[in-house]
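K.L.:
Just so you know, full-length UniProt numbering puts 18 at position 18 of the sequence shown, and the rest follows in order with no gaps.
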Amino acid sequence: MLRATRVLFSASLLNKSLPASAVLHHTKPADTVKPAELFGSAKKAILIGVPGAFTPGCSKTHVPSYLEHYDKLKAKGVDLIGCVSVNDAFVMDAWGKDLDVQDKIMMLADPQGKMVKELGLDFDASAALGGHRSKRFALVLENGKITKEYVEPNNTGLSVTLAENVLKEL
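This is the structure:
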């Protein structure tokens, strides 16, 4: 039985890289990045996935936890933090400005959910968010390889993927 109070590690993605074919959008649709290359160039990075920009849990708790613990994460060697959601680039850019992430968190759009689906980190959120969305997750990558994977047991909760939990394991 999974309990939401523990940090969950899944063997499914450990030691794997982000999909080489994946393309995410940064500030606009033409501003694309290949996450395998972006996160592969970082010695230590964190990629968080959220169900939706501007949603209460994502805006008030999840992403702010990474802003709050930013200095501690940097002190543990994290040199890149990214946030991905199944939204368009304009929404992610506006959300990043609203949260005042500055250059601390790179806001990334997976407009059709291709990358999160390829990772097996998508779920059907049609009833609440209109389609498939990203599960709430946090991946720690070292030199492009996933070394830790945190996924909320109910896809959207706010327990195992918060920065303070990830920080304990770095």
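Positions of the beta carbon are idealized from the N, C-alpha and C atoms, including for glycine.
Enumerate in chain order the residues of its own chain whose CB-to-CB distance from K104 is below 8 Å, with the five nearest sequence positions on each side excluded.
P.N.:
If we look at K104 and ignore the five residues flanking it on each side, its Cβ neighbours are Y66, L67, Y70 and I81.
K.L.:
Quick one, are the C-beta atoms of V84 and S159 less than 8 Å apart?
P.N.:
Contact flag unset, no.
K.L.:
Using a Cβ-Cβ cutoff of less than 8 Å, which residues in the same chain neighbour T32 once the five nearest sequence positions on both sides are dropped?
P.N.:
Cβ within range, chain order: V23, L24, H25 and H26.
K.L.:
Quick one: give me the first and last residue of the beta strand (DSSP E) that G82 is part of.
P.N.:
Run containing G82: L80 to S85, per the beta strand (DSSP E) assignment.
K.L.:
By alpha-carbon positions, which one of P51, I46, V63 and T147 ends up nearest to Q112?
P.N.:
Selected option, being the one with the closest Cα: P51.
K.L.:
Roughly how many angstroms separate the alpha carbons of A42 and K76, rounded to a whole number?
P.N.:
For A42 and K76, the distance between alpha carbons rounds to 13 Å.
K.L.:
From the DSSP secondary-structure annotation, give me the bridge partner or partners of L141.
P.N.:
According to DSSP, which records beta bridges pairwise, L141 is partnered with A45 and I146.
K.L.:
Going by CA-CA distance only, name the one from L108, V86 and D79 that's closest to D93.
P.N.:
Out of L108, V86 and D79, L108 has the C-alpha closest to the C-alpha of D93.
K.L.:
Using a 10 Å radius around the Cβ and a threshold of 16 neighbouring Cβ atoms, would you call L14 buried or exposed?
P.N.:
So L14 counts as exposed.
K.L.:
With DSSP collapsed to three states, give me the class of V166.
P.N.:
In the structure shown, V166 sits in a helix (DSSP, three-state: H, G or I).
K.L.:
Could you tell me the boundaries of the beta strand (DSSP E) in which residue 172 lies?
P.N.:
An answer regarding residue 172 cannot be provided, because it is not within the stretch 1 to 170 covered by the chain.
K.L.:
Using 8 Å as the threshold, is the C-beta distance between V78 and K44 below it?
P.N.:
Yes, Cβ-Cβ distance for V78 and K44 is below 8 Å.
K.L.:
Return helix, strand or coil for V33, following the three-state DSSP convention.
P.N.:
Reduced to three states, the DSSP call for V33 is strand.
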